[in-house]
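Enquirer:
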Amino acid sequence: MTDQPRLTRNQSLVFNTLGKAEGPLSAYGILDEVRAAGIRAPLQVYRALDRLMALGLVHRLESLNAFVACCRPHHHAEGAMIAFAICEGCGQVSEFSDAEVARRLSRWTTAHAFHPTKTTIEIRGHCRACATAA
Ligand SMILES: [Zn+2]
Ligand SMILES: [Zn+2]
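If you read the sequence shown in this note's numbering, its first letter stands for residue 150, the second for the next number, and so on.
(1) From this set, Glu244, Ser255, Gly240, which residue's C-alpha is nearest glycine 274's C-alpha?
(2) Sorted by chain position, which residues of the same chain lie with C-beta nearer than 6 Å to tyrosine 177's C-beta, five sequence neighbours on each side aside?
(3) Could you check the C-alpha separation between threonine 258 and arginine 184 for me, to the nearest Å?
(4) Enumerate in chain order the residues of its own chain whose CB-to-CB distance from tyrosine 195 is below 8 Å, with the five nearest sequence positions on each side excluded.
(5) Can you give the Cα-Cα distance for alanine 234 and glycine 187, rounded to whole angstroms?
(6) Apart from the five residues on each side of it in sequence, which residues of its chain come closer than 7 Å, Cβ to Cβ, to valine 163?
(7) Taking leucine 213 and proline 173 to be in contact with their CB atoms under 8 Å, please state how far apart those CB atoms are, rounded to whole angstroms.
(8) Using CA atoms only, rank isn't needed, just tell me which of Arg277, Ile272, Cys276, Arg252 is closest to proline 265.
(9) Does the Cβ of cysteine 276 lie closer than 7 Å to at least one heavy atom of ligand 1?
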């Protein structure tokens, strides 16, 4: 990535931790991973996460109260919809975006004069591997 914004040391540590994670991590899960690097206060993690989310590099999964690295940073336009398929078996999260769904949602918001700042869809269920194993 050539156009990656400059990150502070703490932001890089948090971002790399999420990038390496198999699934979403809570703020405290992140703290456990970065403690060895000298980040000891939850507030340091929250500050880094706020900045990373503002940059669109990290997303918050509201239903899990956990965080994931964006699968393709810089892809999201302001206010664009983001969808996550969250596997309740293995914890894997797949991020996607769908222009057709986004158009339908914006038709509703336009019709109701609602001004969206953020649209996140979370689908809970089982991924192919877990559904097959069950
Ligand atoms: Zn994303
Ligand atoms: Zn699964």
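Glycine is no exception: its CB is placed at the ideal position from the N, C-alpha and C atoms. A quick note: this is a predicted structure, and the numbers were derived from the prediction, not measured.
Expert: In short:
(1) Looking up residue 274 in the sequence shown gives position 125. Considering only alpha carbons, the answer is Gly240.
(2) Position 28 of the sequence shown, counting from 1, holds the residue named residue 177. Excluding sequence neighbours, tyrosine 177 sits near nothing in its chain.
(3) Within the sequence shown, the letter at position 109 stands for residue 258. Within the sequence shown, the letter at position 35 stands for residue 184. Approximately 43 Å between the Cα atoms of the pair.
(4) Within the sequence shown, numbered from 1, the residue matching residue 195 stands at position 46. Closer than 8 Å at the Cβ level, and outside the excluded window around tyrosine 195, lie Ala176.
(5) Along the sequence shown, read from residue 1 onward, the residue named residue 234 stands at position 85. Along the sequence shown, read from residue 1 onward, the residue named residue 187 stands at position 38. Approximately 33 Å, taken between the alpha carbons.
(6) In the sequence shown, counting from the first residue as 1, residue 163 sits at position 14. If we look at valine 163 and ignore the five residues flanking it on each side, its Cβ neighbours are Ile179, Val183, Val194, Ala197, Leu198, Leu201.
(7) Here residue 213 refers to the residue found at position 64 when the sequence shown is read from its first residue. Here residue 173 refers to the residue found at position 24 when the sequence shown is read from its first residue. Taking C-beta atoms under 8 Å as the contact rule, leucine 213 and proline 173 qualify, at a distance of about 6 Å.
(8) Here the question's residue 265 lines up with position 116 in the sequence shown. Cα-wise, what sits closest to proline 265 is Arg252.
(9) Here residue 276 corresponds to residue number 127 of the sequence shown, with the count starting at 1. No - ligand 1 has no heavy atom lying nearer than 7 Å to the Cβ of cysteine 276.
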